[in-house]
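In terms of our numbering, the sequence shown opens at residue 374 and continues consecutively.
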Amino acid sequence: MNDKPTPKSSNPQPNNVLRSPIRPQHPETASVEQKPLADPTITPNSRKEPVNGSPDSVLALDTLRKKMEDVAGEFAAGKINRTQFNAIYGRYDEQRMIIERIVERNPGSDAWKQVLRSGGQTAFLRDHFVARCLYFMVYRLNWATPLMMGGPRQPDMDDIEPVLATLFNKDQRPHTGLARKALGNGHWLVLAVGENALTIALYNLEPAKMQLSRVRDLHNDFERANRMTLLRGTRTLEKMVFPQRALVEET
């Protein structure tokens with residue numbers, strides 16, 4: 374855990390740093406082929422059950438459909454990000470289409486069971502495409518030096534400086550709030566602003582809604598726990614606690 378900031382970059386950056394988010398790219402560590410999803414003109418209830426399909430095959434298709442609905446619900450609840458949704462949902466839909474084709478061509482065959490025996494892939498996709506925090510930085514508002522920073526990656530001040538310039542401008546800074554900014558390399562900055570401080574966290578992918586809420590909650594707890602110290606302008610770290618450490622300690 375580092376307590377000293379990275380030297381600033383003098384490269385000028387544009388001011389419109391809080392742009393609308395764009396779809397994230399896949400992680401740099403792996404390349405997973407994105408399978409095309411089912412025909413969008415076919416609604417869930419319009420698919421026909423396989424003709425003369427065995428009860429087991431019909432049950433398997435119903436189970437896959439339920440899993441697809443569950444994944445959609447997880448995304449709606451903010452539990453997974455878009456990349457996780459596309460990978461997991463696409464996996465289930467691919468299995469469903471293959472089973473339907475097998476049973477349609479040969480209703481008496483048990484070959485469709487092989488499609489379901491490659492267990493563990495969904496769990497792998499869920500874990501592989503979860504957004505992970507690469508670093509965090511905590512600033513007292515209008516102070517150029519961070520109070521605390523940490524994580525497996527060193528912050529790139531060329532990304533941070535324009536954010537600070539915008540948020541430290543009293544005319545542009547919201548009283549409190551949460552924002553995210555998509556970077557050109559597929560990474561995302563998450564910004565939590567409070568009355569006295571700012572937390573910046575970099576993620577390798579677009580974070581899920583619940584992850585965004587977590588950054589906000591950790592920052593709010595930071596301000597609550599250190600309120601008097603922040604108001605006095607104290608720089609002594611020994612007198613402060615940093616809940617934001619949890620963002621990188623689990624990664």
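Backbone N, C-alpha and C define an ideal beta-carbon position, used for all residues, glycine too. Fair warning: this is a prediction, and the values are worked out from it, not measured in the lab.
- The criterion of a C-beta distance shorter than 8 Å is satisfied by L585 and L551.
- Beta-carbon to beta-carbon, V621 and Y508 are separated by about 7 Å, close enough to satisfy the 8 Å threshold.
- By alpha-carbon distance to L432, the top candidate from I461, M510 and L489 is L489.
- When only Cα atoms are considered, A570 and I533 end up about 15 Å apart.
- For I453, the secondary structure class from DSSP, reduced to helix, strand or coil, is coil.
- DSSP places T572 inside the beta strand (DSSP E), whose first and last residues are A570 to Y576.
- By DSSP's assignment, R589 forms no beta bridge with any residue.
- Annotation: A496 is outside any beta strand (DSSP E); the continuous alpha helix (DSSP H) that includes it extends over Q494 to H501.
- Scanning K612, V511 and K554 for the CA closest to the CA of G567 turns up V511.
- Between the alpha carbons of P519 and M441 lies a distance of about 44 Å.
- For R600, the enclosing alpha helix (DSSP H) stretches over residues R600 to R605.
- Assignment of L432 by DSSP, reduced to helix, strand and coil, places it in the helix class.
- If you check the CB distance, V503 and Q457 come in under 8 Å.
- In the structure shown, R526 falls within a coil segment according to DSSP collapsed to helix, strand and coil.
- In the DSSP annotation of this structure, the continuous segment of the alpha helix (DSSP H) that includes A619 starts and ends at A619 to E622.
- Counting other Cβ atoms within 10 Å of its Cβ, G493 stays below 16 and is therefore classed as exposed.
- About 5 Å separates the beta carbons of F615 and M521, which is inside the 8 Å limit, making them a contact pair.
- According to DSSP, residue pairing for V511 in a beta bridge involves M521 and T572.
- If you draw a 10 Å sphere on the C-beta of T436, you find fewer than 16 other C-beta atoms in it, and that means exposed.
- Remark: C-beta atoms of M583 and G481 do not approach each other more closely than 8 Å.
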